[in-house]
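Participant: This is the structure I have questions about; it appears just below.
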Amino acid sequence: MSPWTIMMGLVLLLTPVICWVFTLHAPETRTKLNRIGRLIHEQRYYLHALGYLVIIKWKGFTDDLNEPIKVVTGHWTGFVHGIEGNTVLWIQDAFASPTLTAVLNFHYLFIYLFLIYVTTVFYGYVGERDLTDKVTMNYLLIYALAVPYYLFFNVEVTSSWIPGMEPLLYHDGLYSTFYINNDPLDNAVPSLHIAIPFGIILLNILHVRDQGIRMKDWVHRGYHRFVVYNTIVFAFTILYLGIHWIVDIPLGMIIGGMGALFIHYLQPRLRNDHGGWFKGVDRQKVIRHVVVEGAVVLLMAAAFTGVIMHQADTVDERVSYRLGPGDSTHEIIQRFGYGEEVVVTVTNLDDETPVHMALRIAEASEPAMERGYLNWDTLADAGSGEVITLEPGATINLTVDQPKVWWILVFHVDEDAVSEVVELRVVNDFGYIPLWEAILLSLPSLWMTGFVVHRIARARSSGLHWLESIPSHRWEEA
């Protein structure tokens, strides 16, 4: 079965189970089946479904920019590795188990996506209108917050950088093509597997605070704990499977916290519980918002510009991959349109060890991906195309011109390699650099950050707690 089939099966099977189990102690909170249609209409929950469609499209736009822009943005993996070293490799080696790998692979993909979806359904089902709004916005806006960091602060996954670190998630026949088609494998920082569920956790806490009760007295505390436990599992999973760095966890929490605060401040105004959308908005307020939040946007944009300039100036010093003896890894060449091509320049930066390369259509590589490991011998024989040996210090240019398919360029170092670490530089030239598109796609994130900073400052200057959620035109009544 394909991952999409499994996901749909989970949705159909587990959604009613989750809604039933977590309301056993409070059946009065359930919505009767004959009222669900009316509830969706009255509360405008059809807009929530539209929000999920928007984020799918938004992610598609971001992924399309991800590879072409890397010619100038590069990545910061070496910087992160310099801080952490090989700690995540120790975690993987200490707990390595085929059974654990299979369980966590399933949890990483399917339970994560299911948790995002079912949380919206659950809160709608039990009549928590505000939380239904907020957890839907959580998925949309936290991804939007992460966009500039993915585009301008690329960090490769740990298994691409640490010799001996196995890509247990990506090299599996069931998942390999799915991830190649949907995950550029260099969006490690921040981790949305932490940011999005952590955002849900914070929204629950803020909701309980607004209700004036303690979490242990909240009728849906059981579901809250369910999200917390899964988030803890996600934190271990992303390290074990060879995906994320340790720093991705606190950075994911920061993004999740920023998103939760933005939603916490915005949702009461969107729901019109305190008057219309623009109630209390006057010319002076607009000017103040534009000046303060605009200043934050400009400061952050200046920082991103500095990052781009630094990476563009150091392109000749860039290292893309690090492999040890017996290691294999791959570069994804994303799908492109008719009449286009990608020129891939690969340089073996090592002085002693040759590197073997094979360019394959992604689907043709599936037989070589099994239980977290890439079988180089099987891959070399799979599909059409030769195996190229790149000698020490050599550079080669490959032109990929078959459109509308995903390609992978697999690298392999022999077991008896002389060098303990072999470094490669890989640059994909798509013929264009969509820098302005990336900047425009990042502006919502910069503005949301500015809005939250400004809102906290305004609340504190007005003598209110910075977690106060009511719109500012009612602060005098608070």
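1194 is the number of the first residue of the sequence shown in my numbering; add one for each residue after it.
Where is the CB? At the ideal position from N, CA and C, for every residue including glycine.
Beta-carbon within less than 6 Å of Ser1353's beta-carbon, same chain only, minus the 5 sequence neighbours each way: which residues are those?
Facilitator: So the list reads Tyr1514, Thr1522, once near-sequence residues are dropped.
Participant: Whole angstroms are fine: how far does the CA of Leu1583 sit from the CA of Pro1547?
Facilitator: Taking the straight line joining both Cα atoms gives about 6 Å.
Participant: Note down the Cα distance separating Ser1384 from Arg1237, rounded to an integer number of angstroms.
Facilitator: Using only the alpha carbons, I get a separation of about 31 Å.
Participant: Relative to the alpha-carbon of Asn1423, which residue among Leu1434, Pro1390, Leu1207 has its alpha-carbon at the smallest distance?
Facilitator: Nearest of Leu1434, Pro1390, Leu1207 to Asn1423, Cα basis: Pro1390.
Participant: Note down, in chain order, each residue of its chain lying with its Cβ closer than 7 Å to the Cβ of Arg1414, except the 5 sequence neighbours on either side.
Facilitator: Correct list, in chain order: Met1408.
Participant: Let me confirm a value: Lys1205 is counted as buried when at least 16 other C-beta atoms fall within 10 Å, else exposed. Which label applies?
Facilitator: The sequence shown places Leu at residue 1205, rather than the Lys named in the question. With fewer than 16 Cβ atoms within 10 Å of its Cβ, Leu1205 is classed as exposed.
Participant: In the structure shown, what three-state DSSP assignment does Asn1621 receive?
Facilitator: Asn1621 falls in the strand class under three-state DSSP.
Participant: I'd like to check one pair, Ala1388 with Ile1425: are the Cβ atoms closer than 8 Å?
Facilitator: No. Outside cutoff.
Participant: Residue range of the beta strand (DSSP E) that Ser1635 falls in?
Facilitator: Unbroken run through Ser1635 is the alpha helix (DSSP H), 1628–1654; no beta strand (DSSP E).
Participant: Could you give the distance in angstroms between the alpha-carbon of Glu1630 and the alpha-carbon of Leu1258?
Facilitator: Rounded to the nearest angstrom, the two C-alpha atoms are 8 Å apart.
Participant: Any idea what DSSP makes of Ala1488, helix, strand or coil?
Facilitator: It is helical.
Participant: Taking its Cβ as the centre, do 16 or more other Cβ atoms sit within 10 Å of Phe1505, making it buried, or is it exposed?
Facilitator: For clarity, residue 1505 is Ala in the given sequence; the question names Phe instead. It is exposed - the Cβ of Ala1505 has fewer than 16 other Cβ atoms within 10 Å.
Participant: Which ranges does the alpha helix (DSSP H) cover as unbroken runs of at least 4 residues, wholly within the region 1335–1367, from first to last along the chain?
Facilitator: The region 1335–1367 contains no whole alpha helix (DSSP H) run of 4 or more residues.
Participant: Please state the DSSP three-state secondary structure of Asn1590.
Facilitator: Reduced to three states, the DSSP call for Asn1590 is strand.
Participant: Whose CA, out of Val1328, Tyr1305, Met1201, lies closest to the CA of Asp1427?
Facilitator: Reading off the sequence, residue 1427 comes out as Phe, not Asp. Ranking the options by Cα distance to Phe1427, first place goes to Tyr1305.
Participant: Going by Cα to Cα distance, which pick from His1386, Gly1435, Ile1276, Phe1471 is closest to Ile1284?
Facilitator: The shortest C-alpha separation from Ile1284 is found at Gly1435.
Participant: With DSSP run on the structure shown, which of helix, strand or coil describes Arg1223?
Facilitator: Correct three-state label for Arg1223: coil.
Participant: So if DSSP puts Ala1551 in a beta bridge, which residue, or which two residues, is it bridged to?
Facilitator: Note: Ala1551 sits in a beta bridge opposite Val1580, Val1603.
Participant: Counting pairs of beta carbons, one from the region 1640–1653 and one from the region 1548–1564, are three or more of them closer than 8 Å?
Facilitator: As far as the Cβ criterion goes, the region 1640–1653 does not touch the region 1548–1564, which means the pair count is below three.
Participant: Apart from the five residues on each side of it in sequence, which residues of its chain come closer than 7 Å, Cβ to Cβ, to Ile1626?
Facilitator: Counting only Cβ-Cβ distances below 7 Å, and skipping sequence neighbours, we find Pro1261, Ile1262, Val1264, Val1265.
Participant: List the residues that DSSP assigns as beta-bridge partners of Val1537.
Facilitator: DSSP output for Val1537 lists Leu1591, Asn1621 as bridge partner(s).
Participant: One question on the structure: do Leu1249 and Asn1331 come within less than 8 Å of each other, judged by their Cβ atoms?
Facilitator: Note on residue identity: the sequence assigns Ile, not Leu, to residue 1249. No. Outside cutoff.
Participant: Which residues share a DSSP beta bridge with Met1562?
Facilitator: Beta-bridge pairing links Met1562 to Leu1567.
Participant: Could you tell me the alpha carbon to alpha carbon distance between Glu1524 and Arg1553, rounded to whole angstroms?
Facilitator: If I take the Cα positions, the gap works out to 11 Å.
Participant: Using beta-carbon positions only, say whether Val1440 and Val1273 come within less than 8 Å of one another.
Facilitator: Taking 8 Å as the Cβ cut-off, Val1440 and Val1273 qualify as a contacting pair.
Participant: Report the option in Asp1410, Leu1246, Thr1255, Val1611 whose CA atom is closest to the CA atom of Pro1341.
Facilitator: Comparing Cα positions, the closest option is Thr1255.
Participant: Entirely within the region 1206–1276 and at least 4 residues each: give me those alpha helix (DSSP H) ranges in chain order.
Facilitator: Correct list: 1229–1235, 1239–1266.
Participant: Among the candidates Thr1294, Leu1293, Val1539, whose CA atom is the shortest distance from the CA of Thr1588?
Facilitator: Comparing Cα-Cα distances from Thr1588 to each of Thr1294, Leu1293, Val1539, the minimum goes to Val1539.
Participant: For the structure I just gave you, are there three or more beta carbon pairs, one from the region 1294–1308 and one from the region 1214–1225, closer than 8 Å?
Facilitator: The region 1294–1308 vs the region 1214–1225: no contact.
Participant: Roughly how many angstroms lie between the CA atoms of Pro1518 and Val1350, to the nearest whole one?
Facilitator: So the two alpha carbons sit approximately 19 Å from each other.
Participant: Looking only at its own chain, which residues have a Cβ that is under 6 Å from the Cβ of Val1281, when we skip the five neighbours before and after it?
Facilitator: Correct list, in chain order: Thr1351, Leu1432.
Participant: In terms of DSSP beta bridges, what is Tyr1514 paired with?
Facilitator: DSSP lists Leu1617 as partners of Tyr1514.
Participant: For the region 1486–1494 against the region 1636–1647, do three or more pairs of beta-carbon atoms, one drawn from each stretch, fall closer than 8 Å, so that the two count as touching?
Facilitator: Touching, per the Cβ criterion.
Participant: Which residues bound the beta strand (DSSP E) around His1400?
Facilitator: From DSSP, His1400 is part of no beta strand (DSSP E) but of the alpha helix (DSSP H) over 1385–1404.
Participant: First and last residue of the beta strand (DSSP E) that includes Thr1424?
Facilitator: Unbroken run through Thr1424 is the alpha helix (DSSP H), 1414–1433; no beta strand (DSSP E).
Participant: Using the C-alpha atoms, what's the distance from Pro1596 back to Phe1529?
Facilitator: Cα-Cα distance, rounded: 5 Å.
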